[in-house]
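> If you scroll down you'll find the structure; I have some questions about it.
In the numbering used here, the protein residues as written are 1 to 67.
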């Protein structure tokens, strides 16, 4: 988990510094993939079932869209 969070921080720093569009797109994809890995580990850590995971995803998506 710590390694993934450190990777996420590094990717965000790289994204901030990226000048070329294709670099930014690649980094955004890597960030999204890393985010999914972190989410999966958190779901496992808390022992969430599919229904609970769906609930979390729906509610966090709604919160993110409102910001």
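Note that the Cβ used here is the ideal one computed from N, Cα and C, for glycine as well.
Following the continuous alpha helix (DSSP H) through residue 8, name the residue where it begins and the one where it ends.
Indexing the chain shown from 1 puts residue 8 at position 8. Where residue 8 is concerned, the enclosing alpha helix (DSSP H) stretches over 2-17.
> Could you give the DSSP three-state label for residue 20: helix, strand or coil?
Translated into the one-based positions of the chain shown, residue 20 becomes position 20. Coil at residue 20, not helix or strand.
> Once the 5 residues before and after residue 4 are set aside, which same chain residues still bring their CB inside 8 Å of it?
Residue mapping note: residue 4 aligns to position 4 of the chain shown, counting from 1. Within the same chain, residue 4 has close Cβ partners 34, 37, 38, 41.
> State buried or exposed for residue 20, treating a residue as buried only when at least 16 other CB atoms are found within 10 Å of its CB.
As a position in the chain shown, residue 20 is number 20, starting the count at 1. By the 10 Å Cβ count, residue 20 comes out exposed.
> Measuring CB to CB, does residue 31 end up less than 9 Å from residue 11?
Numbered from 1 along the chain shown, position 31 holds the residue referred to as residue 31. Numbered from 1 along the chain shown, position 11 holds the residue referred to as residue 11. Closer than 9 Å, so yes.
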